[in-house]
Amino acid sequence: MVLHLKEIFYKNGERIIEAIDDVRGLHSYIAIHNTILGPALGGTRIYPYKDIDDALFDVCRLAEGMSYKSALAGTGFGGGKSVIIADPSSHKNEDLLTAFAEAVHTLEGAYICAEDVGSTSSDMMIIRKKTPYVAGLAIKGGSGDPGRFTAYGVFQGLKAVALQLWKSPSLYGKRVAIQGLGSVGARLAEFLFWEGAYLILSDIDYAKAIRLADLFHGEAVSPDIILSTPCDILCPCAMGGIINERTLNSLNTSAIAGASNNQLLDMVSDGEALLSRGILYAPDYVINAGGVINVSHEMHPDFYKPQRALQAIDKINTTLLDIFTLAEEAKKSTSAMALALAKQKITDQVGKREGTPFFPICD
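Its first residue numbered -5, the sequence shown is counted upward by one per residue in the numbering used here.
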């Protein structure tokens, strides 16, 4: 078994490593966008990309978003991401994950992986057998599945959206449409149900959408019409790039605020288009930071304490409100304002990590 590593030119970041092991079925890219504030931290996405260009495009956008997410959340980490080109339902196995772990280990802690679309906490435990540079571990001293914390952070962010739009943080009676009912979207639906929101649910697994809609006394709609369904808040919780030239005119909502990464296909032009249409946008790398905030606390030298992580996640609410206010005063889009603030924090090294991360020991 031979693992081949190759450095690829990264125009807008620091490093991209291509990792291939034909015997164990691995074809992966690890992108390190920025490490000024600390080691790059970001999930491992396992997805059957149609070609190499799609995989590279996704990993670069995701890594860049992680830099801004960590900067605005003050985690003391930089931004990175990895993708494995594979169908997680049929091609994911221990050999593939072991080969990927060996690739991560060669970076000597410059990149720390975690759960993402297509990967699980159990997968991270397999990777952990070969490298300590893993977060979101289901062990004593670990933080486990970050999805529940991401959902909680989005829920807190939705209250900020409600306060900005309707002068009250209450979501009671609001029509909230959730696109994607995975580990984050389904949990978010439950938070919103207890809050009294009316739920409109959609997923590529339509039977799941119907089941959850029945459970939460909402309604299920087809993935084909979720973006155009009338609602107060649209919550994208699936894949990215859904807000673009093709979909912008069909939106029928007052706000977009969800868990998926890279919701805007173009961070600048699509953000401006939402502003011109009067649709409030909660920048994705702000509102969905709960998961990375939580796993960052797993590597705290004073060990993982969920209460401390939750206190940090609660700040998503005030961060969003600050961005909304500043954007309104400057007459800029919220996406442009968030990007400017994140880049400034990186440039000024605000929240730069002192010392190396602590990694829990697996028994």
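C-beta atoms are modelled at their ideal positions from N, C-alpha and C, and glycine is treated no differently.
Bear in mind that the values here come from a model prediction, so they are computed numbers and not experimental data.
One Cα belongs to V170, the other to G37, and the distance between them is close to 27 Å.
When rounded, the separation of the alpha-carbon atoms in S327 and Y105 is 31 Å. Nearest in C-alpha terms to L335, of all of I46, T319 and E348, is T319. In the pairwise beta carbon analysis, the stretch 185 to 201 is classified as not touching the stretch 241 to 257: fewer than three pairs are separated by under 8 Å. Residue burial is scored here from C-beta neighbours: H211 has fewer than 16 other C-beta atoms within 10 angstroms and is therefore classed as exposed. Beta-bridge partners of T125 (DSSP): none assigned.
Restricting attention to F187, L159 and R142, the CA atom closest to the CA of I307 is found in R142. In chain order, S196 and Y200 place their CB closer than 8 Å to the CB of S216, counting only its own chain and leaving out the 5 sequence neighbours on each side.
Pairing K299 with L131, the inter-Cα distance amounts to about 14 Å. For the pair R18 and D89, the CB atoms are nearer than the 8 Å cut-off. Straight-line measurement puts the Cα of G284 at about 12 Å from the Cα of G68.
As the crow flies, the alpha-carbon of L268 is around 12 Å from that of S244. Taking L50 as the centre and dropping the five residues before and after it, the same chain places the C-beta of Y23 closer than 7 Å to its C-beta, in chain order. Distance between A13 and G59, taken at the CA atoms: about 22 Å. Remark: C-beta atoms of G7 and H21 do not approach each other more closely than 8 Å. In the pairwise beta carbon analysis, the stretch 158 to 178 is classified as touching the stretch 217 to 229: at least three pairs are separated by under 8 Å. In the displayed model, K134 falls within coil according to three-state DSSP, outside both helix and strand.
Ranked by how close their Cα comes to the Cα of G138, the residues I2, H291 and K337 have H291 in first place. Taken in chain order, the complete alpha helix (DSSP H) segments of 4 or more residues contained in the stretch 273 to 352 are 278 to 281, 284 to 292, 300 to 324 and 328 to 341.
One alpha carbon belongs to M293, the other to E348, and they sit about 13 Å apart. R271 carries a coil assignment under DSSP once its states are collapsed to helix, strand and coil. For I79, the enclosing beta strand (DSSP E) has its first and last residue at G72 to I79. Sequence-distant partners of L206 (beyond 5 residues in either direction) whose C-beta falls short of 7 Å from its own C-beta, in its chain, are L175, A180, A183 and L195.
Assignment of T144 by DSSP, reduced to helix, strand and coil, places it in the helix class. Scanning its chain for C-beta atoms nearer than 8 Å, with the 5 sequence neighbours on each side dropped, one finds around I10 the residues E1, I2, F3, Y4, Y23, I24, A25, I26, L50, V53 and C54, in chain order.
The continuous beta strand (DSSP E) containing R169 extends over residues R169 to Q173. Excluding five sequence positions before and after D15, the CB atoms of its chain that fall closer than 6 Å to its own CB belong to L(-3) and A93, given in chain order.
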